[in-house]
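Q: If you count by this note's numbering, then the sequence shown holds residues 14 to 196, one letter each, in order.
Even glycine gets a Cβ: it sits at the ideal position worked out from N, Cα and C.
Structure provided below as structure tokens; questions to follow.
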Amino acid sequence: MTWRPAFWLIAGSVVAIDQATKQWVLETLEPGEKHEVLGDLLSIQLVFNSGAAFSLGNAFTWILTLVAVAVSVGIVVYARRAQSTLAVWIFGAALGGALGNLIDRLFRDPAFGEGHVVDFINYGDLFVGNVADIAIVGAAIVLILASLGSTPVLAAAVTEDDAAVPADDATDDSGDGSGEARA
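Encoded structure:
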């Protein structure tokens, strides 16, 4: 399967939707302003988050920015081993979410690399998130559920020992050196 076009399209779509919704909220609401959507369960409220989930690590924005870069690179590396269309969706959504929040950290106030993430989806006053967060959490949940199934999400990493096995022997599980698989 050619994963690259779909992977980048999914990631790019998540980033575009995330950034467009954040821009809409920035142009529409004042910080802290709250509009109920489903009573107390769901509302739209503009919040600037300098930390990570649940506003943890507010004093470590630069470190969180570096972690976001490392996570994004890691997602791209692991996505290369995607074994299914589902895995491509999982990694594309995760990368899009990571990049959506990374863009905020890099380019929003107060300074480059120390920017605050724009959050606006208030879940019953438990926490406030954004589209990027939904993509990240959704990808993580689907990855966990898919990992519990029988379909592999990732291909096994190829080691030097695997690469050294001649092609004829790689398919030989009969044990007789014939190159044929057992029936």
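In the DSSP assignment, find the unbroken alpha helix (DSSP H) run with N114 in it and report its ends.
A: Here residue 114 corresponds to residue number 101 of the sequence shown, with the count starting at 1. Segment 98-120, the alpha helix (DSSP H) holding N114.
Q: G151 and V28: beta carbons closer than 8 Å?
A: Stepping through the sequence shown from its first residue, residue 151 is reached at position 138. Stepping through the sequence shown from its first residue, residue 28 is reached at position 15. Contact: no.
Q: Take L55 as the anchor and find which of I149, A159, N143 has the nearest alpha-carbon.
A: Counting from 1 along the sequence shown, the entry for residue 55 is found at position 42. The shortest C-alpha separation from L55 is found at N143.
Q: Roughly how many whole angstroms lie between the Cα atoms of L22 and S63?
A: To locate residue 22, count along the sequence shown from 1; it is residue 9. To locate residue 63, count along the sequence shown from 1; it is residue 50. If I take the Cα positions, the gap works out to 28 Å.
Q: Would you decide whether V38 is buried or exposed? Buried here means 16 or more other CB atoms lie within 10 Å of its CB.
A: The count along the sequence shown starts at 1 and reaches residue 38 at position 25. With 16 or more Cβ atoms within 10 Å of its Cβ, V38 is classed as buried.
Q: What does DSSP give as the partner residues of Y136 in its beta bridges?
A: The count along the sequence shown starts at 1 and reaches residue 136 at position 123. DSSP, once it has assigned bridges, lists L55, F140 as partnering Y136.
Q: Just verifying my parser: in three-state terms, what is the DSSP assignment at A95?
A: Here residue 95 refers to the residue found at position 82 of the sequence shown. Note: A95 maps to strand in three-state DSSP.
Q: Who pairs with K47 in a beta bridge, going by DSSP?
A: One-based indexing of the sequence shown puts residue 47 at position 34. Its beta-bridge partners are Q58.
Q: How many Å lie between E46 and A92 at the Cα?
A: Position 33 of the sequence shown, counted from the first residue, corresponds to residue 46. Position 79 of the sequence shown, counted from the first residue, corresponds to residue 92. For E46 and A92, the distance between alpha carbons rounds to 39 Å.
Q: Can you give the Cα-Cα distance for A153 and G87, rounded to whole angstroms?
A: Taking the first residue of the sequence shown as 1, we reach residue 153 at position 140. Taking the first residue of the sequence shown as 1, we reach residue 87 at position 74. Approximately 14 Å between the Cα atoms of the pair.
Q: Given a threshold of 16 other Cβ atoms within 10 Å of its Cβ, counted over all protein chains shown, does A100 qualify as buried or as exposed?
A: Your numbering for residue 100 matches position 87 in the sequence shown. So A100 counts as buried.
Q: Take D146 and list the residues in its own chain whose beta-carbon comes closer than 7 Å to its own, dropping the five residues that flank it on each side.
A: Your numbering for residue 146 matches position 133 in the sequence shown. G110.
Q: In the DSSP assignment, find the alpha helix (DSSP H) that holds E127 and state where it starts and stops.
A: As a working mapping, residue 127 is identified with position 114 in the sequence shown. Careful: E127 lies outside any alpha helix (DSSP H) and carries neither H nor E.
Q: According to the neighbour-count rule (16 or more other Cβ atoms, all chains shown, within 10 Å of its Cβ), is D122 buried or exposed?
A: Within the sequence shown, numbered from 1, the residue matching residue 122 stands at position 109. By the neighbour-count rule (16 or more Cβ atoms within 10 Å), D122 is not buried but exposed.
Q: So, for G128: in the same chain, excluding its five sequence neighbours on each side, which residues have a beta-carbon less than 7 Å away from its beta-carbon?
A: Numbered from its first residue, the sequence shown carries residue 128 at position 115. Closer than 7 Å at the Cβ level, and outside the excluded window around G128, lie D117, R118, L119, F120, R121, D122.
Q: Is the beta carbon of L112 closer than 8 Å to that of A19?
A: Residue 19 sits at position 6 when you count from the first residue of the sequence shown. Residue 112 sits at position 99 when you count from the first residue of the sequence shown. No, the pair does not count as a contact, with Cβ atoms beyond the cut-off.
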